[in-house]
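Participant:
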Amino acid sequence: MFYMDPESLLMDLIKEGLRSADPYEAVKRNLRIDKEYILIKDQYQIKRRRTHVIGFGKSSVGMVRAVVDLLGEDVVGGVAISVDKELRIGPVEVVRGDHPIPSINTERASKKLIEYIRSNINENDLAIVLISGGGSALFEVPLEGVELRDIAEISEMLMKAGADIIELNTVRKH
Numbered sequence: 248m249f250y251m252d253p254e255s256l257l258m259d260l261i262k263e264g265l266r267s268a269d270p271y272e273a274v275k276r277n278l279r280i281d282k283e284y285i286l287i288k289d290q291y292q293i294k295r296r297r298t299h300v301i302g303f304g305k306s307s308v309g310m311v312r313a314v315v316d317l318l319g320e321d322v323v324g325g326v327a328i329s330v331d332k333e334l335r336i337g338p339v340e341v342v343r344g345d346h347p348i349p350s351i352n353t354e355r356a357s358k359k360l361i362e363y364i365r366s367n368i369n370e371n372d373l374a375i376v377l378i379s380g381g382g383s384a385l386f387e388v389p390l391e392g393v394e395l396r397d398i399a400e401i402s403e404m405l406m407k408a409g410a411d412i413i414e415l416n417t418v419r420k421h
């Protein structure tokens, strides 16, 4: 398409950039469904069956919506952790965590996700796990003997000192 007006070109480029970065659209571009199979990025083929959707990260709501829209009744449940308000997307429960500093909401949501996996998913089921940016702060359960407030304080101190996500995650995993 030829543009006489630079403003129109710029607006179209911005719209296309936003559309291609949309989590819902990204999942729909990379996940295809037929009668028997789920095809991921036209490379991996998985037999359709009873499916659970697990997610955590700032984009998990859009990604969960796309999977539920694509798989429909195959999705029997799931839990996702997001910074958004708590809601249901079909049979998937979205619970709220906090970002970038983990909080009691984060710990509660993370324990709920872990309990869902332990109680509901068996070896014959399929679990689709969706992870996006912010996931390491949104999915956080302290080890025994470590207090969540300590993790939060250390995270805040590191961020104020200019630590990047790699440095933050190095400290979080220890």
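Reading the sequence shown from the start, the letters are residues 248 to 421 in the working numbering. Backbone N, C-alpha and C fix where the C-beta goes; we use that ideal spot for every residue, glycine too.
1) Restricting to Cα atoms, I'd like to know which of L360, R365 and D345 is closest to I301.
2) Identify, in the order they occur along the chain, each residue of the same chain with its Cβ nearer than 8 Å to the Cβ of R335, setting aside the five sequence neighbours on each side.
3) Pick out the complete alpha helix (DSSP H) segments inside the stretch 265–315, 4 residues or longer, and give them in chain order.
4) Can you give the Cα-Cα distance for V393 and I351, rounded to whole angstroms?
5) To which residues of the same chain is A356 closer than 6 Å at the C-beta, ignoring the five residues directly before and after it?
6) Where do the N-terminal and C-terminal ends of the beta strand (DSSP E) with A356 fall, by residue?
7) Looking at the unbroken beta strand (DSSP E) that takes in G324, where does it start and where does it end?
8) Please determine, among V339, T353, S307 and V308, the residue with the shortest C-alpha to C-alpha distance to G319.
9) Mapping the DSSP letters down to three states, classify A374 as helix, strand or coil.
10) Buried or exposed for K305, going by 16 or more other Cβ atoms inside 10 Å?
11) According to DSSP, is I261 part of a helix, a strand, or is it coil?
12) Between N367, V330 and G337, which lies nearest to P349 when the distance is taken from Cα to Cα?
13) Please report how far the alpha carbon of V315 lies from the alpha carbon of T298, in whole angstroms.
Facilitator: Put simply:
1) L360
2) V341
3) 270–277
4) 13 Å
5) I328, V342 and G344
6) Note, A356: premise wrong, no beta strand (DSSP E); alpha helix (DSSP H) at I351 to N367.
7) V322 to S329
8) V339
9) strand
10) buried
11) helix
12) V330
13) 10 Å
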